[in-house]
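One structure below.
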Amino acid sequence: MLKVEKLRKVFHDRHGEEIVAVNDLSFECKGNEIIGVLGMNGAGKSTTLRMLSTVISPTSGQITLNGEDMIENAESIRNSIGLLTGTTGLYRKLTARETLYFFADLHGMKKSDTKVKIDELVELLDMHEIIDRKCEKLSTGQKQKVSIARTIIHDPTLLILDEATTGLDVVATQAIVSFIRHVKSPSKAILFCTHRMEEVHQLCDRILILHQGKKLALGTVEEVCQQFDCKDLGEIFSRFDQN
């Protein structure tokens, strides 16, 4: 479903020097698959996800979603993408329900379809007690449930979750993990970026490890550990942290 070929992103510092954030990155994410995007800080994860969500344009390379060029058709293809980051904000004075109606309307959904979808999400995310509360009155975990609901309200083909559980307690984290597992389907490709290795083991079919903007490894956790002759992912990252 998602195909990335030779993706490259170059920034320039204040002296005009090139900073290569992502370099020659190629991979595919199929339907019914969750790929964990991993790497140390500065590895190029966020830049990669921002390009895949059409927030920024690549310097070169190609991205296609179901055969459609995401770079040339960024405006129209955004309705097929759901993006959640650790800094995704909510409108404080709107209730959770009003927030979901607002974002559904942005994606051109009919009100009747939106009502059905909201009822479904309220059930799946256990939002019964908070759906009509203003967002400013919600806890961090409750806000994140609303953020995830607004990310998936339009049933996107590509779901990009960047640090979706950051700052959440154990109960809220498990609720989000369970929900992600539930929405996995043949019609959805999911990219999941996290620093929590337990979430990788719980959710990810394969992992993509980035290092200094390049693809270091791609495969199942077992395949990647075998590639580096390490007993677990923590040992792999410890090795690169020492270099």
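Counting in our numbering, the sequence shown tops out at residue 325, every number present. Yeah, the Cβ is synthetic: ideal placement off N, Cα and C, and Gly gets one too. Please read these numbers as outputs of a predicted model, since none were measured by experiment.
- Taking C-beta atoms as the reference points, Val303 and His277 fail to come closer than 8 Å.
- Within the region 239-274, the alpha helix (DSSP H) runs of at least 4 residues that lie entirely inside it are, in chain order, 252-265.
- Here Val228 is buried: its Cβ has 16 or more other Cβ atoms, across all protein chains shown, within 10 Å.
- Buried is the label assigned to Lys297, since at least 16 other Cβ atoms lie within 10 Å of its Cβ.
- Between Ile234 and Arg179 the beta-carbon gap is near 15 Å, outside 8 Å, which marks them as no contact.
- Counting C-beta atoms within 10 angstroms of its own C-beta, Thr222 has fewer than 16 neighbours from the protein chains shown and is therefore classed as exposed.
- Judged by DSSP secondary structure, Ser221 falls outside any beta strand (DSSP E); it is assigned neither H nor E.
- Cα atoms of His236 and Glu281: separation of roughly 25 Å, rounded to the nearest angstrom.
- For Lys91, there is no enclosing alpha helix (DSSP H); the residue is found in the beta strand (DSSP E) stretching over 84-94.
- The C-alpha of Val252 lies about 33 Å from the C-alpha of Asp187.
- With the rule of 3 Cβ pairs closer than 8 Å, the region 252-265 does not count as touching the region 86-102.
- Taking the CA atoms as reference points, Met209 sits about 8 Å from Leu203.
- For the pair of segments examined, the region 159-168 was found to touch the region 124-141: the number of CB pairs separated by less than 8 Å reaches three.
- Distance from the CA of His189 to the CA of Asn161, rounded to the nearest whole angstrom, comes to 6 Å.
- Separation of the CB atoms of Leu300 and Phe109 is rounded to 6 Å, and the pair is thereby assigned contact status at 8 Å.
- Annotation: the continuous beta strand (DSSP E) that includes Leu147 extends over 142-147.
- Excluding the 5 residues flanking it on each side, Leu172 has same chain C-beta neighbours closer than 7 Å at Thr181, Cys217, Lys225, Val228, Ser229, in chain order.
- The Cβ atoms of Leu147 and Leu240 lie closer than 8 Å to each other.
- For Asp311, no alpha helix (DSSP H) encloses it, and the DSSP letter there is neither H nor E.
- The beta carbon of Lys175 lies closer than 8 Å to those of Lys216, Cys217, Glu218 in the same chain, with the five residues before and after it left out.
- Under the 10 Å beta carbon count, Phe93 is surrounded by fewer than 16 other beta carbons and is classified as exposed.
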